[in-house]
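>
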Amino acid sequence: MSTRAAISLQCRMPSLARTAFVLGAGLGTRLLPWTQSWPKPLLEIGGQPLVTYAFRHLQSVGVERFIVNTHHCAERWAQVFPKAEWNGIPITFRHEPVLLETGGGLRNIEDLLPGGTDSDEPLLVYNGDVITDTPLEPLLHHHAQSAAEVTLAVRDDGGPAHINFTPDAADGLLDDEHGPLAVVPGRVTDIRGALGAPPGTACLFTGLYVVQPRFLRRLEPGVKASVIPAFLQLIREAAGGGAGLGAVLLRQGTWCDVGTCATFAEKDAELRAAAGLPASDCESTPPWPTNPARAAAAPVSSAPRRSTSP
């Protein structure tokens, strides 16, 4: 097998991660006033709740169960998903009376994982305010073939590029005679320059990653904390022979963070136009779902292209 074929391998096999944790507890302050009385992941974009794009993307790789953490306007989740399921996939909600952020929120679902932190079954983590059709199969496959506790999905287009990425290939192979490689396994050597590592390929973090349940033991329970310090510790341990912080550079598909009013309105217009839906006035009309049934609506044409329609 050629180097390009080996690195671009996309494994089509039963899901390597049956459970996904979708981050839904954020306050959404950058989307005020729309998020004043609705959680950000439930805002309507392109004719359906934002979080359903994540659900559909995860379903496309065989995820069988969603865990969603909640905080702000948590009662709205029951309005949109009254049966605690989406398209036949169960949703387990974990409420955070006090917002725990990414690290604390991840540790807070330890008891919801099959086998707890002793399990070998990976957990797929998905940021609830992105819309992407970035292929997840290479991320899952590379993680399964590595010894890493965590593997991030990164991209080298767009920004902000806070991830210092180094390819696994000895020659730093990012492209060949045919052009840029679609999938490049590697590792993270620094985040936001915190460790002063030599420059590598600057990449953005997509908000998608795979963790082994034992990684949760590194996170302090019941404490509001980012997951980044634990990521940095994995990088430090690589100097002593540890597996480090894994990463896969993914160049296929599209990725969009809709965390601001401007990007949200732009993506909403794009999705509505592609689906033949009337434009919405994001300046005056908060785009939250007015009908909970829309949570189960068929995907619009520019939703993740490998998705399975309800």
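Whatever position you read off the sequence shown (first residue = 1), add 272 for our numbering. Note that the Cβ used here is the ideal one computed from N, Cα and C, for glycine as well. For clarity, every value in this text was computed on a predicted model and none was experimentally measured.
#1: Assuming residue 453 contacts residue 462 under a Cβ cut-off of 8 Å, what Cβ separation, rounded to an integer in Å, is found between them?
#2: Below 8 Å on the Cβ atoms is my contact criterion, and I expect residue 497 with residue 400 to pass it. Report the Cβ-Cβ distance as a whole number of Å.
#3: Roughly how many angstroms separate the alpha carbons of residue 352 and residue 340, rounded to a whole number?
#4: Is it the case that the Cβ atoms of residue 420 and residue 484 are separated by a distance below 9 Å?
#5: Can you confirm whether the region 376-388 touches the region 462-475 when touching is taken to mean that 3 or more C-beta pairs between the two stretches lie within less than 8 Å?
#6: Would DSSP call residue 393 helix, strand or coil?
#7: Please check the pair residue 384 and residue 364, which I expect to be a contact at CB under 8 Å, by giving their CB distance rounded to whole angstroms.
#8: Ordered along the chain, which non-local residues of its own chain (more than five positions away) have a Cβ less than 8 Å from that of residue 433?
#9: Taking the continuous alpha helix (DSSP H) assigned at residue 540, which residues delimit it?
#10: So for residue 439, helix, strand or coil by DSSP?
#11: Roughly how many angstroms separate the alpha carbons of residue 337 and residue 357, rounded to a whole number?
#12: Run through the DSSP bridge pairs and tell me what residue 358 is partnered with.
#13: Closest to residue 407 by C-alpha separation, out of 370, 328, 451, 378, would be which residue?
#14: Going by beta-carbon coordinates alone, are residue 394 and residue 415 separated by less than 9 Å?
#15: Using a Cβ distance threshold of 8 Å, determine whether the region 317-326 contacts the region 528-547, with at least three qualifying pairs required.
#16: Take residue 346 and list the residues in its own chain whose beta-carbon comes closer than 8 Å to its own, dropping the five residues that flank it on each side.
#17: What is the residue span of the beta strand (DSSP E) that residue 337 lies within?
#18: Among the residues of its own chain, which have a CB less than 8 Å from the CB of residue 427, if the five just before and after it don't count?
#19: Flag this pair as yes or no: are the beta carbons of residue 289 and residue 482 separated by less than 9 Å?
#20: Hey, residue 548 and residue 459 are a contact pair by Cβ (cut 8 Å); roughly how many whole angstroms apart?
#21: Go through its chain and collect everything with a Cβ distance to residue 278's Cβ below 6 Å, but skip five positions before and after it.
#22: What's the gap between the Cα of residue 392 and the Cα of residue 550?
#23: Quick one: what does DSSP say residue 334 is sitting in, helix, strand or coil?
#24: Let me confirm a value: residue 450 is counted as buried when at least 16 other C-beta atoms fall within 10 Å, else exposed. Which label applies?
#25: Quick one: measure Cβ to Cβ for residue 306 and residue 315, integer angstroms, because I've assumed they're closer than 8 Å.
#26: Rounding to the nearest angstrom, what Cα-Cα distance links residue 330 and residue 378 in this structure?
#27: In angstroms with no decimal places, state the Cα-to-Cα distance between residue 490 and residue 313.
#28: Output the distance between the C-alpha atoms of residue 332 and residue 544, rounded to the nearest integer angstrom.
#29: Pull up the CB-CB distance for residue 423 and residue 525, whole angstroms please, since I reckon it's below 8 Å.
#30: Following the continuous alpha helix (DSSP H) through residue 349, name the residue where it begins and the one where it ends.
#31: What is the DSSP secondary structure of residue 323, counted as helix, strand or coil?
According to the structure data:
#1: Against the sequence shown, residue 453 aligns to sequence position 181. Against the sequence shown, residue 462 aligns to sequence position 190. In fact, because the Cβ distance is near 22 Å, the residues do not count as touching under 8 Å.
#2: As a working note, residue 497 is residue 225 in the sequence shown. As a working note, residue 400 is residue 128 in the sequence shown. Not confirmed; about 18 Å, so no contact.
#3: For the purposes of this step, residue 352 is identified with residue 80 of the sequence shown, where counting begins at 1. For the purposes of this step, residue 340 is identified with residue 68 of the sequence shown, where counting begins at 1. Their Cα atoms are separated by approximately 13 Å.
#4: Here the question's residue 420 lines up with position 148 in the sequence shown. Here the question's residue 484 lines up with position 212 in the sequence shown. Yes; because the gap between Cβ atoms is below 9 Å, this pair is in contact.
#5: no
#6: Taking the first residue of the sequence shown as 1, we reach residue 393 at position 121. Coil.
#7: Walking along the sequence shown from the start, residue 384 turns up at place 112. Walking along the sequence shown from the start, residue 364 turns up at place 92. About 6 Å; that satisfies the 8 Å criterion.
#8: Here residue 433 refers to the residue found at position 161 of the sequence shown. Taken in chain order, the residues that qualify are 474, 475, 476.
#9: Here residue 540 is taken as the residue at index 268 of the sequence shown, counted from 1. Where residue 540 is concerned, the enclosing alpha helix (DSSP H) stretches over 533-547.
#10: Position 167 of the sequence shown, counted from the start, is the residue given in the question as residue 439. DSSP places residue 439 in strand when its eight states are reduced to three.
#11: In the sequence shown, the residue the question calls residue 337 occupies position 65. In the sequence shown, the residue the question calls residue 357 occupies position 85. Those two C-alpha atoms are separated by around 9 Å.
#12: As a working mapping, residue 358 is identified with position 86 in the sequence shown. Answer by DSSP bridge pairing, in chain order: 361.
#13: Locating residue 407 in the sequence shown gives position 135, counting from the first residue. Considering only alpha carbons, the answer is 328.
#14: By 1-based counting over the sequence shown, the position of residue 394 is 122. By 1-based counting over the sequence shown, the position of residue 415 is 143. The answer is yes: Cβ separation under 9 Å.
#15: yes
#16: Within the sequence shown, numbered from 1, the residue matching residue 346 stands at position 74. Closer than 8 Å at the Cβ level, and outside the excluded window around residue 346, lie 311, 365, 367.
#17: The residue given as residue 337 occupies position 65 in the sequence shown. Its beta strand (DSSP E) spans residues 337-342.
#18: By 1-based counting over the sequence shown, the position of residue 427 is 155. Closer than 8 Å at the Cβ level, and outside the excluded window around residue 427, lie 406, 475, 476, 478, 521, 522, 523, 527.
#19: In the sequence shown, residue 289 corresponds to position 17, counting from 1. In the sequence shown, residue 482 corresponds to position 210, counting from 1. Taking 9 Å as the Cβ cut-off, residue 289 and residue 482 qualify as a contacting pair.
#20: Position 276 of the sequence shown, counted from the start, is the residue given in the question as residue 548. Position 187 of the sequence shown, counted from the start, is the residue given in the question as residue 459. Contact flag wrong, Cβ pair sits at about 44 Å.
#21: Taking the first residue of the sequence shown as 1, we reach residue 278 at position 6. Here residue 278 scores only 39 on pLDDT, less than 50, and its place in the model should not be relied on; the value that follows carries that caveat. So no residue of the chain qualifies.
#22: Within the sequence shown, numbered from 1, the residue matching residue 392 stands at position 120. Within the sequence shown, numbered from 1, the residue matching residue 550 stands at position 278. Distance between the alpha carbons of residue 392 and residue 550 is about 47 Å.
#23: What you label residue 334 is simply residue 62 of the sequence shown in a count that begins at 1. Here residue 334 sits in coil by DSSP.
#24: Reading the sequence shown from its first residue, position 178 is the one you call residue 450. Classification of residue 450: exposed, given that the 10 Å Cβ count is below 16.
#25: Position 34 of the sequence shown, counted from the first residue, corresponds to residue 306. Position 43 of the sequence shown, counted from the first residue, corresponds to residue 315. With 8 Å as the limit, residue 306 and residue 315 qualify as a contact, their Cβ atoms being about 6 Å apart.
#26: As a first step, residue 330 must be located in the sequence shown, where it is residue number 58. As a first step, residue 378 must be located in the sequence shown, where it is residue number 106. Distance between the alpha carbons of residue 330 and residue 378 is about 18 Å.
#27: Translated into the one-based positions of the sequence shown, residue 490 becomes position 218. Translated into the one-based positions of the sequence shown, residue 313 becomes position 41. So the alpha carbons of these two residues sit roughly 27 Å apart.
#28: The count along the sequence shown starts at 1 and reaches residue 332 at position 60. The count along the sequence shown starts at 1 and reaches residue 544 at position 272. Roughly 22 Å between the two C-alpha positions.
#29: As a position in the sequence shown, residue 423 is number 151, starting the count at 1. As a position in the sequence shown, residue 525 is number 253, starting the count at 1. About 17 Å; that fails the 8 Å criterion.
#30: Here residue 349 refers to the residue found at position 77 of the sequence shown. 347-352 is the extent of the alpha helix (DSSP H) around residue 349.
#31: Working through the sequence shown from its first residue, we reach residue 323 at position 51. Of the three classes helix, strand and coil, the one that applies to residue 323 here is helix, per DSSP.
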